[in-house]
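Colleague: Position one of the sequence shown corresponds to residue 1497 (our numbering), numbered consecutively onward.
Just so it is clear, CB atoms sit at the ideal spot from N, CA and C, and this is done for glycine as well.
Questions regarding the structure given below will be posed in turn.
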Amino acid sequence: MPRRSIGNSSKDAAVGHQMQKVTSRSDLHRIIVVGGGAGGLELVTRLGDRLGRRRLADISLIEKARTHLWKPLLHEVAAGSMDVSRHELDYLAQAYWHGFRYRFGEMVGLDRAKRLVRLAANFDDEGRLITPERSFGYDTLVIAIGSVTYDFGTPGVKEYAIALDTPEQAQLFNRRLINACLRAHSQADPVRPGQLHVAIIGAGATGTELSAELHRTVRGVVAYGLDRIDPDKDLKITLIEAADRIVPALPSRLSSATARLLGELGVEIRVGARVREVRPDGVVLASGEFIPSELVVWSAGVRGPEVLKDLDGLKATPSNQLVVLPTLQTPRDDNVFAMGDCAWLVPEGEERPLPPRAQAAHQQASHLVKQIARRLDGRPMEPFVYRDFGSLVSLGEFSTVGSLMGFLAGKGMMIEGFVARLMYRSLYKLHEMALHGPLKVGLDTVARALTRRTEPHVKLH
Ligand SMILES: Cc1cc2nc3c(=O)[nH]c(=O)nc-3n(C[C@H](O)[C@H](O)[C@H](O)COP(=O)(O)OP(=O)(O)OC[C@H]3O[C@@H](n4cnc5c(N)ncnc54)[C@H](O)[C@@H]3O)c2cc1C
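What follows is the structure, encoded as C-alpha cells:
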C-alpha cells in the first residue's frame, strides 16, 4: 500500500468550527486504533513495537480512559479481592515505551470521506476544558471499543443496580459493599432481612464468577473484626437468571457442575426468573415475587456502544456491533477494521457469531498485527480463523474452575481444579505478555506474590 503524503508540520493543528483537526507531522501511513482494551491495547502495543519504533508507520491509540485494566478482572475488583492499582496500566506510559501515541478522548463520530475520527471534548471535575473537540486523520482505522451491559429497558436498573463495565463501576460496588458491612456492624438494631443481601442479575460468566468471589471476600471482611455480623445468617447472595440454567453459554454438564459448587457455597440460584423491576430495596421478578437486597448487580446482556449505531454509514447489527468480513474489515470501507466485542463476525460454516470473549479479542489482535503489516507491504490479507480454546468459569479459591477445552483436546472435554485454574490465569498472562514481554511479567508476578503475603487478602476501605 502506498504511503500517504500529507501537509504542514507546525501548522497542522488547524482549528475550524470549534473542532481542532490534528494531523500527523510525518508522511508515514497513519494507523489509528480506537479503544485500548483486551484487544486494542495488545494490537497498538505490538504495532508500536513493530512499526512505530522503526518509523515504518505512525501509530496512535484513541482511548477515553486514562488507565487500562483487563476487563475480566472486574468481578475481582467488585468483590474486593483485587487491588486495581497493582494491575492498572497508564496509557501515556505504555505509549511512550512502545512507540505509539496516546490520544485521550472518546470517539463520537467518523468522517469516512475525509478519513477523520471525531473526539468529544474532555472536562475536569471543576468543568475546565482538558482537551477540546478534536479530529484525527487515519489511513487505517481499527475500532476496538468493546461492549456495554444492556438492561433491556428494565425499570430501575439505571438508578439502583450497578453494572460491571468499567473499573470505576466495580470500585463503586466494592465501596457500597464495605459500607453496608460497616453500617450493619455499627447499628444498634439487629441486621434486618435483606440488609446484607446481594442480588446478581444475569448468571453468565461474570455474574457467576462474582457470586463465588463475593461469598469469599465478604466473609474475609467480616473476619477482620466485624463480629456483629454472622455471615451464615446475615449474608445472602442470590443469582438470578432468565434462562433455564446458569452459564447458559456453556455445555449443560458444566453448568450443572457450576450450579452444584455454588449451591455448596450457599449461593441461592434462581433460574427461569425474569426481572421486572429493580427497586431501591430489592428486585421484583416477572412472577411478582420480591427479592429483598441492599445491593444489586446487573450483568445480563451485552451490546455494542451507542456510537456504533450509525458510524458514518458503517454496517451495524441491531445490537450495535459492526459487521466485519473474515479479514476483519468492514464491508463498506476497507480502510476501517473492527475487532473484539464490538465486531460481528460469523465464521465460515458457523451459524453464530464469535462470542464476546477476551480470547477472541486476543486472537484478533495477534492476527491484525501481521495483517496490517501485510497491508502496508501491498500484500493480500489473510482471513481470521478463530480457535476456541474453551470456556472457563472461575469460582474463586474454593472450587476453582470447570472448563471445556474444545480445540486442544480435539473435542469437548471437562476440566476442573488446579489445571483449570492455571488455564484461567494463563489468559491474563497472555494479555500481560503481549503488553510487557516475559521479563516484566515474570518480575511483576514474583513481586505481587511477595507483597500479597504482607497485605490483607480483601480490600477493607
Ligand atoms: C467481569 C467480567 C469477566 C469476564 N471474564 C471473561 C473471561 O473469563 N474470559 C473471557 O474470554 N472473557 C471474559 N470477559 C469478556 C471480556 O472482558 C471481553 O470480551 C473483552 O474485554 C473484550 O475486549 P475488547 O478489546 O473488545 O474490549 P474491552 O476490553 O472492553 O476494551 C474496550 C476499550 O475501549 C474503550 N472505549 C469504549 N468506547 C470508546 C470510545 N467511544 N472512544 C474511545 N475509547 C472507547 C474502553 O474504555 C476500553 O478501554 C469478561 C467480562 C467481564 C465484564
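Hey, would you say P1822 sits closer than 9 Å to L1804, going by beta carbons?
Modeller: Looking up residue 1822 in the sequence shown gives position 326. Looking up residue 1804 in the sequence shown gives position 308. Not in contact: P1822 and L1804 (Cβ atoms no closer than 9 Å).
Colleague: List the whole-angstrom C-beta distance separating T1734 from E1764, where the pair is believed to meet the contact cut-off of C-beta under 8 Å.
Modeller: Here residue 1734 refers to the residue found at position 238 of the sequence shown. Here residue 1764 refers to the residue found at position 268 of the sequence shown. That belief holds up - the Cβ atoms of T1734 and E1764 are roughly 5 Å apart, short of 8 Å.
Colleague: Should S1707 be labelled buried (16 or more other beta-carbon atoms within 10 Å of its own) or exposed?
Modeller: For the purposes of this step, residue 1707 is taken as residue 211 along the sequence shown, with counting starting at 1. When all chains shown are included, S1707 counts as buried.
Colleague: Sort K1567, P1776, L1918 by Cα distance to A1695 and report the nearest one.
Modeller: Counting from one through the sequence shown, the residue named residue 1695 turns up at place 199. Of K1567, P1776, L1918, the residue nearest in Cα terms is P1776.
Colleague: Pick out whichever of L1722, I1528, L1569 has its Cα sitting closest to the Cα of K1925.
Modeller: The residue you call residue 1925 lines up with position 429 of the sequence shown. Checked all of L1722, I1528, L1569; the closest Cα to K1925 is L1569.
Colleague: Using DSSP's beta-bridge definition, name the partner residues of G1633.
Modeller: Position 137 of the sequence shown holds residue 1633. Its beta-bridge partners are L1612.
Colleague: Note the first and the last residue of the continuous alpha helix (DSSP H) segment covering A1856.
Modeller: Reading the sequence shown from its first residue, position 360 is the one you call residue 1856. Element bounds for A1856: 1854 to 1872.
Colleague: Quick one: what's got a C-beta closer than 6 Å to E1559's C-beta in the same chain, skipping five residues either side?
Modeller: Here residue 1559 refers to the residue found at position 63 when the sequence shown is read from its first residue. Excluding its 5 nearest sequence neighbours in each direction, E1559 has C-beta neighbours in its own chain below 6 Å: G1532, Y1587, listed in chain order.
Colleague: What is the DSSP secondary structure of L1926, counted as helix, strand or coil?
Modeller: Position 430 of the sequence shown holds residue 1926. Of the three classes helix, strand and coil, the one that applies to L1926 here is helix, per DSSP.
Colleague: Beta-carbon within less than 7 Å of R1626's beta-carbon, same chain only, minus the 5 sequence neighbours each way: which residues are those?
Modeller: Residue numbering aside, residue 1626 sits at position 130 when the sequence shown is read from its first letter. According to the sequence displayed, residue 1626 carries Ile and not Arg. Result list for I1626: N1618, F1619, D1620, in chain order.
Colleague: Can you name the start and end residues of the alpha helix (DSSP H) that E1664 belongs to?
Modeller: For this step, residue 1664 is matched to residue 168 along the sequence shown. E1664 -> alpha helix (DSSP H) spans 1663 to 1682.
Colleague: By how many angstroms is the C-alpha of D1523 removed from the C-alpha of V1530?
Modeller: On the sequence shown, position 34 is the one that residue 1530 refers to. On the sequence shown, position 27 is the one that residue 1523 refers to. Roughly 21 Å between the two C-alpha positions.
Colleague: Smallest Cα separation from L1807: which of V1604, P1852, H1932?
Modeller: Taking the sequence shown and counting its residues from 1, one reaches residue 1807 at position 311. Comparing Cα positions, the closest option is V1604.
Colleague: According to the Cβ coordinates, are L1557 and R1597 closer than 9 Å?
Modeller: Within the sequence shown, residue 1557 is the residue found at index 61, counting from 1. Within the sequence shown, residue 1597 is the residue found at index 101, counting from 1. For L1557 and R1597, yes; Cβs fall inside 9 Å.
Colleague: Determine the direct distance from the alpha carbon of R1715 to that of R1624, and round the result to whole angstroms.
Modeller: To locate residue 1624, count along the sequence shown from 1; it is residue 128. To locate residue 1715, count along the sequence shown from 1; it is residue 219. Rounded to the nearest whole angstrom, the C-alpha separation of R1624 and R1715 is 43 Å.
Colleague: For E1844 and F1786, what's the separation of their Cα atoms in angstroms?
Modeller: Along the sequence shown, one-based indexing puts residue 1844 at 348. Along the sequence shown, one-based indexing puts residue 1786 at 290. Their Cα atoms are separated by approximately 45 Å.
Colleague: Tell me whether the segment 1854 to 1861 and the segment 1530 to 1550 touch, counting them as touching only if at least three CB pairs, one residue from each stretch, are closer than 8 Å.
Modeller: yes
Colleague: Using DSSP with H/G/I as helix, E/B as strand and the rest coil, what is P1801?
Modeller: Here residue 1801 corresponds to residue number 305 of the sequence shown, with the count starting at 1. Of the three classes helix, strand and coil, the one that applies to P1801 here is coil, per DSSP.
Colleague: Count the other CB atoms, across all protein chains shown, that sit within 10 Å of the CB of Y1720; report buried if there are 16 or more and exposed otherwise.
Modeller: Looking up residue 1720 in the sequence shown gives position 224. Looking at its Cβ environment, which holds fewer than 16 other Cβ atoms inside 10 Å, Y1720 is exposed.
Colleague: Just verifying my parser: in three-state terms, what is the DSSP assignment at M1877?
Modeller: Position 381 of the sequence shown, counting from 1, holds the residue named residue 1877. Note: M1877 maps to coil in three-state DSSP.
Colleague: Suppose you measure from the CA of M1929 to the CA of V1573; what does that come to, to the nearest Å?
Modeller: Here residue 1929 is taken as the residue at index 433 of the sequence shown, counted from 1. Here residue 1573 is taken as the residue at index 77 of the sequence shown, counted from 1. About 21 Å.
Colleague: Looking at ligand 1, does it come within less than 8 Å of R1853, judged from the CB to the closest heavy atom?
Modeller: Locating residue 1853 in the sequence shown gives position 357, where the first residue counts as 1. Yes, Cβ of R1853 sits closer than 8 Å to a heavy atom of ligand 1.
Colleague: Can you confirm whether the segment 1792 to 1803 touches the segment 1739 to 1750 when touching is taken to mean that 3 or more C-beta pairs between the two stretches lie within less than 8 Å?
Modeller: no
Colleague: Roughly how many angstroms lie between the CA atoms of Y1646 and G1698, to the nearest whole one?
Modeller: In the sequence shown, counting from the first residue as 1, residue 1646 sits at position 150. In the sequence shown, counting from the first residue as 1, residue 1698 sits at position 202. Spanning the two alpha carbons is a distance of roughly 11 Å.
Colleague: With three or more C-beta pairs closer than 8 Å as the rule, is the segment 1641 to 1656 touching the segment 1678 to 1690?
Modeller: no
Colleague: In the DSSP output, which residue or residues are listed as bridge partners for S1556?
Modeller: For the purposes of this step, residue 1556 is taken as the residue at position 60 of the sequence shown. Paired residue(s): I1528, R1597.
Colleague: Can the beta-carbon of L1678 be found closer than 9 Å to that of L1750?
Modeller: Indexing the sequence shown from 1 puts residue 1678 at position 182. Indexing the sequence shown from 1 puts residue 1750 at position 254. No, the pair does not count as a contact, with Cβ atoms beyond the cut-off.
Colleague: Per DSSP, W1794 forms a beta bridge with which residues?
Modeller: Start at 1 with the first residue of the sequence shown, and residue 1794 comes out as number 298. Note: W1794 sits in a beta bridge opposite I1697.
Colleague: Between the Cα of L1872 and the Cα atoms of G1544, G1759, L1552, M1515, which residue gives the shortest distance?
Modeller: Taking the sequence shown and counting its residues from 1, the one referred to as residue 1872 is at position 376. Per the Cα distances, L1552.
Colleague: Give the range of the alpha helix (DSSP H) segment to which T1541 is assigned.
Modeller: Taking the first residue of the sequence shown as 1, we reach residue 1541 at position 45. That run of the alpha helix (DSSP H) goes 1536 to 1543.
Colleague: Between which residues of its own chain and P1628 is the CB-CB distance below 6 Å, once the five residues before and five after are set aside?
Modeller: The residue given as residue 1628 occupies position 132 in the sequence shown. So the qualifying residues of the chain are Q1516, A1617.
Colleague: Under DSSP, the alpha helix (DSSP H) around K1811 begins and ends at which residues?
Modeller: Position 315 of the sequence shown, counted from the start, is the residue given in the question as residue 1811. Element bounds for K1811: n/a, residue is neither H nor E.
Colleague: Tell me whether V1937 sits in a helix, a strand or coil according to DSSP, three-state version.
Modeller: Here residue 1937 refers to the residue found at position 441 when the sequence shown is read from its first residue. Correct three-state label for V1937: helix.
Colleague: Helix, strand or coil, according to DSSP, for G1902 in the structure here?
Modeller: Reading the sequence shown from its first residue, position 406 is the one you call residue 1902. Low confidence applies to G1902: its pLDDT is 46, below 50, so where it sits in the model is not reliable, and the reading given next is rough at best. Three-state result, G1902: coil.
Colleague: So, is K1732 buried or exposed, given that buried needs 16 or more other C-beta atoms within 10 angstroms?
Modeller: Looking up residue 1732 in the sequence shown gives position 236. K1732 is buried by the Cβ-count criterion.
Colleague: How long is the line joining the alpha carbons of H1525 and D1545, rounded to whole angstroms?
Modeller: For the purposes of this step, residue 1525 is identified with residue 29 of the sequence shown, where counting begins at 1. For the purposes of this step, residue 1545 is identified with residue 49 of the sequence shown, where counting begins at 1. Distance between the alpha carbons of H1525 and D1545: 15 Å.
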